[in-house]
Amino acid sequence: MPFIDPADYFLDQKTTAEGTFMPPINSIDLLPEVYREFQCRFGELSINPAEFFHENSKVSRHTTRRIAENQESIDQIIQHYMDTPYNYSPDTVSDMNVSPILPAFEWHKEVPQCLHSLGQFAPRRFYAIDAYVLTGDKLRKILPNKQILVKDRNYDAAKLEKLNQSFYGPSAGSVSTQDSLVFLVGCPWRYMMMFGTKGYRKMLLDLGYILGYYEEEMQSGKMTQLDYFYDNEVDRFLDLDGIEQSIQCVLGVTNDKNGANSHE
420 MPFIDPADYF
430 LDQKTTAEGT
440 FMPPINSIDL
450 LPEVYREFQC
460 RFGELSINPA
470 EFFHENSKVS
480 RHTTRRIAEN
490 QESIDQIIQH
500 YMDTPYNYSP
510 DTVSDMNVSP
520 ILPAFEWHKE
530 VPQCLHSLGQ
540 FAPRRFYAID
550 AYVLTGDKLR
560 KILPNKQILV
570 KDRNYDAAKL
580 EKLNQSFYGP
590 SAGSVSTQDS
600 LVFLVGCPWR
610 YMMMFGTKGY
620 RKMLLDLGYI
630 LGYYEEEMQS
640 GKMTQLDYFY
650 DNEVDRFLDL
660 DGIEQSIQCV
670 LGVTNDKNGA
680 NSHE
């Protein structure tokens, strides 16, 4: 069959990234050795999982499937997502008399200053990374390159305690010891629909860029990377499916509203 650029395909679908159910055939790039891949999936071949993932995320010269190449179409897809992530449908809003939108300047009064730039620097890096901030009992969703946020939900004490128990070891009790928690959620599907399994790598590179931006805050103690948590429990707290949307990283932030921020 003729090569169809996956980016062009999705533009023709006129749908959102999350609204697409099945990828086109060209957007998936698996090992060319079908039998070996079958053995790995069903446990008949002993192989290191990291090696298997790494092999599947490569682009092979011998495969008939390709990744997106039309940069203009790729840019349009990413820009479309940046323009529309806050367009909630009526059935997602529990009370239509209460706006789910929160102006950024109001949110800035609630959180430490180092969070004011979250989602505003290099916004394209947040295409496959959703950022949520929990302060007290309020969860807010960051909208890339927007001066508004989404009031995602409020939690009761029982739910917050359950989240607290999701952290262990050096990160135990993080809900009660940190003023805000930043949840960086990976949404690899948004890249994978265009770049196949290699899209997962692109998501991880963006995550690394975001963390690198806050390296100075981590070194100074304003932020702490909380590595010890049970992934599935945090996913459930955020109502994530754990596959197309799953927690990648949690940052703890101490309250320093009046302190200087190197990024502002």
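The sequence shown begins at 420 in my numbering and counts up by one. Glycine included, C-beta positions come from ideal geometry on N, C-alpha and C.
Unbroken alpha helix (DSSP H) runs of no fewer than 4 residues, entirely contained in the segment 607 to 675, are found at 608 to 614, 617 to 632, 634 to 639, 650 to 656, following chain order.
Rounded to the nearest angstrom, the gap between the Cα atoms of Asp658 and Ser665 is 10 Å. Put simply, of Asp654, Phe540, Lys557, Tyr610 the residue whose alpha carbon is nearest the alpha carbon of Ile497 is Tyr610.
Looking at the backbone, the Cα of Gln644 and that of Tyr587 are separated by about 13 Å. Shown here, Ile561 sits in a strand according to DSSP, grouped into three states. Rounded to the nearest whole angstrom, the CA to CA distance from Met501 to Ala541 is 12 Å. Nearest in C-alpha terms to Glu663, of all of Gln638, Cys606, Thr673, Met637, is Cys606. Excluding its 5 nearest sequence neighbours in each direction, Leu626 has C-beta neighbours in its own chain below 8 Å: Ile548, Leu603, Gly605, Gln667, Cys668, listed in chain order. Asp427 has its alpha-carbon roughly 9 Å from the corresponding atom of Glu491.
Under the three-state reduction of DSSP, Gly588 is assigned to helix. For the pair Arg620 and Ser479, the CB atoms are not nearer than the 8 Å cut-off.
For Lys570, the three-state secondary structure derived from DSSP is strand. Residue environment analysis places Ala577 among the exposed positions, since fewer than 16 neighbouring C-beta atoms fall within 10 angstroms of its C-beta.
The beta carbon of Asp571 sits closer than 7 Å to the beta carbons of Tyr551, Leu558, Arg559, Lys560 from its chain, once the five residues preceding and following it are set aside; these are given in chain order.
Checking the DSSP bridge columns, you'll see Gly605 partnered with Ile548, Ser665. For Val530, the CB contacts under 7 Å within the same chain, skipping 5 residues up- and downstream, are Val552, Thr554, Ser599 in chain order. Leu600 is bridged by DSSP to Leu553, Gly671. The beta-carbon distance between Glu636 and Ser585, rounded to whole angstroms, is 23 Å. This is too long to meet the 8 Å contact definition. In the DSSP annotation of this structure, the continuous segment of the beta strand (DSSP E) that includes Ile520 starts and ends at 520 to 522. In the DSSP assignment, Lys578 falls within the alpha helix (DSSP H) that extends over 576 to 583. In the displayed model, Gln539 falls within coil according to three-state DSSP, outside both helix and strand. The beta carbon of Gly538 lies closer than 8 Å to those of Phe545, Ala550, Ile561, Leu562, Pro563, Asn564, Lys565 in the same chain, with the five residues before and after it left out. Distances from the CA of Pro519 to each of Leu568, Thr596, Val601 were compared; the closest alpha carbon is that of Leu568. Ile423 sits away from Gly615, with the two beta carbons spaced by 8 Å or more. Closest in alpha carbon position to Asn674, among Lys581, Met613, Ser595, Trp608, is Ser595. From the listed residues Gln638, Gly661, Gly671, Tyr632, the smallest Cα separation to Asp646 is found for Gly671. Counting along the chain, Glu491 sits inside the alpha helix (DSSP H) bounded by residues 490 to 502.
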